[in-house]
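These notes are about the structure you will find just below.
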Amino acid sequence: MDRTPRALRRLLSLLAAVVLLGAVAACSSGASDAADPASSSADGQWTYTDDRGEEVTLDAQPTRIASFTDYAIGMYAYGLEPVALFGRVDVDSDPRLADYDTSAATVVGNSYGEIDLEALAAAEPDLIVTGIYPTDRKGTLDLEGPLYGFADVEQQTQLEQIAPVVAIEVGGAGADVIDSFNSLATALGVSEDTIASAKAEFDAAGEELEAAATSSGLEVTQMYADADGIYLVKPADEPETQLYSTYGVDFTDLRPDGDYYWDIYSWENASRMMTGDVLLVNVEGYQEEQLKDQATFASHPALQAGQVYTWNGEALDYASQADHMTELARILRDAHPVASS
Amino acid sequence: MPARALAARRAAAVLGLVVTALSAAAVSILLGSNHLDPGVVLTALVHPGEDVGAVVWGSRVPRTVLGLLVGLCLGVAGAVMQGQTRNPLADPGIFGVTAGASLAVVLGVTLLGSLSVLATVWLALLGALVASVAVFTVAALGRGLSSPVPLAIAGTAVSAFVTAFTSALVLADETSLAAYRIWVVGSLSGRSLHGVGVVVLLAAAGLLVAAAHTRTLDALALGADLAASLGQHLLRARLAGLAAITLLTASAVALTGPIGFVGLTAPHVARRLVGGGHAWLLPASGLVGATVLLGCDVVGRLVGGATSEVSVGVVLSVLGGLAFVLIVRRTRMTAL
Numbered sequence: 111m112d113r114t115p116r117a118l119r120r121l122l123s124l125l126a127a128v129v130l131l132g133a134v135a136a137c138s139s140g141a142s143d144a145a146d147p148a149s150s151s152a153d154g155q156w157t158y159t160d161d162r163g164e165e166v167t168l169d170a171q172p173t174r175i176a177s178f179t180d181y182a183i184g185m186y187a188y189g190l191e192p193v194a195l196f197g198r199v200d201v202d203s204d205p206r207l208a209d210y211d212t213s214a215a216t217v218v219g220n221s222y223g224e225i226d227l228e229a230l231a232a233a234e235p236d237l238i239v240t241g242i243y244p245t246d247r248k249g250t251l252d253l254e255g256p257l258y259g260f261a262d263v264e265q266q267t268q269l270e271q272i273a274p275v276v277a278i279e280v281g282g283a284g285a286d287v288i289d290s291f292n293s294l295a296t297a298l299g300v301s302e303d304t305i306a307s308a309k310a311e312f313d314a315a316g317e318e319l320e321a322a323a324t325s326s327g328l329e330v331t332q333m334y335a336d337a338d339g340i341y342l343v344k345p346a347d348e349p350e351t352q353l354y355s356t357y358g359v360d361f362t363d364l365r366p367d368g369d370y371y372w373d374i375y376s377w378e379n380a381s382r383m384m385t386g387d388v389l390l391v392n393v394e395g396y397q398e399e400q401l402k403d404q405a406t407f408a409s410h411p412a413l414q415a416g417q418v419y420t421w422n423g424e425a426l427d428y429a430s431q432a433d434h435m436t437e438l439a440r441i442l443r444d445a446h447p448v449a450s451s
Numbered sequence: 068m069p070a071r072a073l074a075a076r077r078a079a080a081v082l083g084l085v086v087t088a089l090s091a092a093a094v095s096i097l098l099g100s101n102h103l104d105p106g107v108v109l110t111a112l113v114h115p116g117e118d119v120g121a122v123v124w125g126s127r128v129p130r131t132v133l134g135l136l137v138g139l140c141l142g143v144a145g146a147v148m149q150g151q152t153r154n155p156l157a158d159p160g161i162f163g164v165t166a167g168a169s170l171a172v173v174l175g176v177t178l179l180g181s182l183s184v185l186a187t188v189w190l191a192l193l194g195a196l197v198a199s200v201a202v203f204t205v206a207a208l209g210r211g212l213s214s215p216v217p218l219a220i221a222g223t224a225v226s227a228f229v230t231a232f233t234s235a236l237v238l239a240d241e242t243s244l245a246a247y248r249i250w251v252v253g254s255l256s257g258r259s260l261h262g263v264g265v266v267v268l269l270a271a272a273g274l275l276v277a278a279a280h281t282r283t284l285d286a287l288a289l290g291a292d293l294a295a296s297l298g299q300h301l302l303r304a305r306l307a308g309l310a311a312i313t314l315l316t317a318s319a320v321a322l323t324g325p326i327g328f329v330g331l332t333a334p335h336v337a338r339r340l341v342g343g344g345h346a347w348l349l350p351a352s353g354l355v356g357a358t359v360l361l362g363c364d365v366v367g368r369l370v371g372g373a374t375s376e377v378s379v380g381v382v383l384s385v386l387g388g389l390a391f392v393l394i395v396r397r398t399r400m401t402a403l
């Protein structure tokens, strides 16, 4: 009994794995063509045009923000304090928020698409912030479907009745995603000085990463693995790897064209993607021990050399990325070339 | 038809199924998502070389063995299950085995942070056993074991209860969620064969228990009252069935994660070929299960694209869904 739902669940869990991992990658872009997405008119009205081209107009600059955790992290770094948080996973144990005091915020969602509308309404947000992921390399946005983090269009409609929603596009160039977030932060009242000092740290980390990448000359493979095989991230499609590529990090990129976001290699085909010196393995999939169990992958030079690092995409804001780039630079300095080709 | 001719026909059918299952195994070794020349594969089988040897001996042979073993377990368990409950839509998961195994794996990850492959297998087995014993106890405490209905209801209730705990754990802990998601997709690929020896022993025990109780199962299929009047001890019969189902399903789940549809559909195909007597039905159902599982796995390897695959759980969901509709539409089959 109950076969069809279980079958569906299995299909959905697969789909979810793909979607969630795409999401893990981080945050996003856009708005570079719109000169100034935010403006305040003479009568004090606040308007903001998000990456979808949706214009939000409020009577005053919003101060009570409800945000998806990916973007809340950058807000905290800039001194903004969201009044409500919702995440893809449990918010209170989200390590990315560990450095910030989130006690003033109401947690209204701990699982993708599950948002407590009553609790959110009780937090009385002026604005709801989430993301949108393009569906292809050209940056096509599905404006008919729900935004990232929302269960469906119906839920989105209910959310829009609580407060207007703005979306940050997470796709394309990593720098564009950060710019888009900064535009929103500026519109929410973050000062230019605050952003400039965060940028200084970010730039310093970028220089450190560039130095490490150049001197090491290592090829970095960013992947997720499970029973189906290896999901190899395509560096140009993932904003974070795209960003690091601009600092000279050499990511494994075997088939730049073709499928969007990643190439999948079944375990039988694992030997086709063993050129990397360093493996960054997604925290949600197989880790070092499980990878060593795969006969077709066990001989990977980086695996044998122990140059395997549990990895996760970080939020696309200056502070998160400065930390993450420093971490990657450290890995690149510690590792050494092992790949034969 | 004279009894001897009938037996000969059934023996021929089982023999045919053996040949089919072995053919499926051969195809499973020859075909895959890495499009190797069959000649190269055969050479590598004899002389395990560098790369091709790893593909053949490291991937195709293990998954073929897993497919045969797990398919056999699920097919036999499904036949025992349907005989026990007299419900043609019953599947081994009904005893809470899958739900129990899932909870144990998730609990292990939550408490220990991560699990070795062998620990995962053991936990899955333990969880499956505990859940099925709980189901049996709940049913026995209630209206008793004379009707299969309390067992089915207890199984559904315990499964729901256990699944609620699993959900709570995976929602509260990201590591558990990740481990659960990896585990819950039934797949023959990418699974380790560590600990397979232990599981084979348990599966063999399950097969022996089932084989030793074919006449009891035949009697139970007539209904509990009639079975009792035929001299069958009801509690012992139920316990034997439960033990066989639990051992077989738990072994399968521990090795590959939950795989649906095989246990549900294999007995129906087998029943068409050899009839309802369990002495023939159990082996036939096991062989059909092995063939179906391996066949679907091979299909998944070939439809995935240039270098990837579709996992067998997904193929079974699609093809099994169709089979399910056919079963439901065949009213004759509901009259077990």
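In order, the protein sequences belong to chains A and B. One gets the numbering used here by counting positions in the first sequence from 1 and adding 110 to each. One gets the numbering used here by counting positions in the second sequence from 1 and adding 67 to each. The beta-carbon is built from N, C-alpha and C at its ideal position, and this holds for glycine as well.
Asked                                                                                                                                                                          : Found
Are the stretch 331-342 of chain B and the stretch 133-145 of chain B touching, with three or more C-beta to C-beta distances below 8 Å?                                       : yes
Closest to A:Q171 by CA distance: which of A:D262, A:D236 and A:M435 is it?                                                                                                    : A:D236
Check the Cβ-Cβ distances between B:D364 and every residue of chain A, and say whether any is below 8 Å.                                                                       : no
Which class does B:A70 belong to by DSSP, given the choice of helix, strand or coil?                                                                                           : helix
Looking at the C-beta of A:R440, does it have a partner C-beta in chain B at a distance below 8 Å?                                                                             : no
Considering only residues of the same chain and omitting the five flanking positions on each side of B:G324, which have a CB-CB separation below 7 Å?                          : W250, V251, V252, G253 and S254
Using beta-carbon positions only, say whether B:G163 and B:V202 come within less than 8 Å of one another.                                                                      : yes
From what residue to what residue does the alpha helix (DSSP H) around A:A170 run?                                                                                             : It is not in any alpha helix (DSSP H) - A:A170 carries neither H nor E in the DSSP assignment.
Check the Cβ-Cβ distances between B:V252 and every residue of chain A, and say whether any is below 8 Å.                                                                       : yes
State the DSSP-derived secondary structure class of A:D347, mapped to helix, strand or coil.                                                                                   : coil
Determine the extent of the alpha helix (DSSP H) in which A:F407 is found, giving its start and end residues.                                                                  : Counting along the chain, A:F407 falls outside any alpha helix (DSSP H), and DSSP gives it neither H nor E.
Using a Cβ-Cβ cutoff of less than 6 Å, which residues in the same chain neighbour B:L269 once the five nearest sequence positions on both sides are dropped?                   : L314 and S318
With DSSP as the reference, identify every bridge partner of B:I220, one or two as the case may be.                                                                            : B:I220 pairs with nothing; no bridge assigned.
Mind pulling the alpha helix (DSSP H) runs of 4 or more residues that sit fully within the stretch 220-264 of chain B?                                                         : 241-251
Quick check on the burial criterion: 16 or more other C-beta atoms within 10 angstroms. Buried or exposed for A:T406?                                                          : buried
For the pair the stretch 440-447 of chain A and the stretch 73-87 of chain B, tell me if three or more CB-CB distances fall below 8 Å.                                         : no
Taking CB distances under 8 Å as the criterion, tell me whether A:I374 reaches chain B.                                                                                        : yes
Does the beta carbon of A:S381 sit closer than 8 Å to a beta carbon anywhere in chain B?                                                                                       : yes
Would you grab the beta carbon distance between A:V199 and B:L244 for me? Rounded to a whole angstrom, and I think it's under 8 Å.                                             : 7 Å
Give the secondary structure of B:L98 by DSSP, where H, G and I count as helix, E and B as strand, and everything else as coil.                                                : coil
Please check if any C-beta of chain B sits within less than 8 Å of the C-beta of A:T406.                                                                                       : yes
What separation, rounded to the nearest whole angstrom, lies between the Cα atoms of A:K344 and A:G282?                                                                        : 11 Å
Using a Cβ-Cβ distance cut-off of 8 Å, determine whether A:S430 contacts chain B.                                                                                              : no
Which residue wins for smallest C-alpha separation from A:E348, given the options A:E224, A:Y222 and A:G423?                                                                   : A:G423
Are any of the Cβ atoms in chain B nearer than 8 Å to that of A:A337?                                                                                                          : yes
Give me, in chain order, the residues of the same chain whose beta-carbon lies closer than 6 Å to that of A:T331; leave out the 5 immediate sequence neighbours on both sides. : T362, G386 and L389
Determine the direct distance from the alpha carbon of A:K248 to that of A:T267, and round the result to whole angstroms.                                                      : 27 Å
How about the stretch 349-356 of chain B and the stretch 303-316 of chain A: do they share at least three Cβ pairs that are nearer than 8 Å?                                   : no
With a cut-off of 8 Å, does the C-beta of A:D200 fall near any C-beta of chain B?                                                                                              : yes
Should the stretch 318-335 of chain A be regarded as contacting the stretch 431-439 of chain A, the criterion being three or more beta carbon pairs within less than 8 Å?      : yes
Among B:L287, B:L174, B:A74 and B:V94, which has the Cα closest to the Cα of B:A231?                                                                                           : B:L174
Around the Cβ of B:R305, are there at least 16 other Cβ atoms within 10 angstroms (buried) or fewer (exposed)?                                                                 : buried
For A:G223 and A:I238, I'd like the C-alpha separation in whole angstroms.                                                                                                     : 14 Å
For the stretch 410-436 of chain A, list every residue whose C-beta sits within 8 Å of some C-beta in chain B, in sequence order.                                              : none
A:E394: buried (16+ other C-beta within 10 angstroms of its C-beta) or exposed?                                                                                                : buried
Taking 6 Å as the limit between beta carbons, can you name the residues of its chain near B:C140, skipping five residues before and five after?                                : A270, L315, S318 and A319
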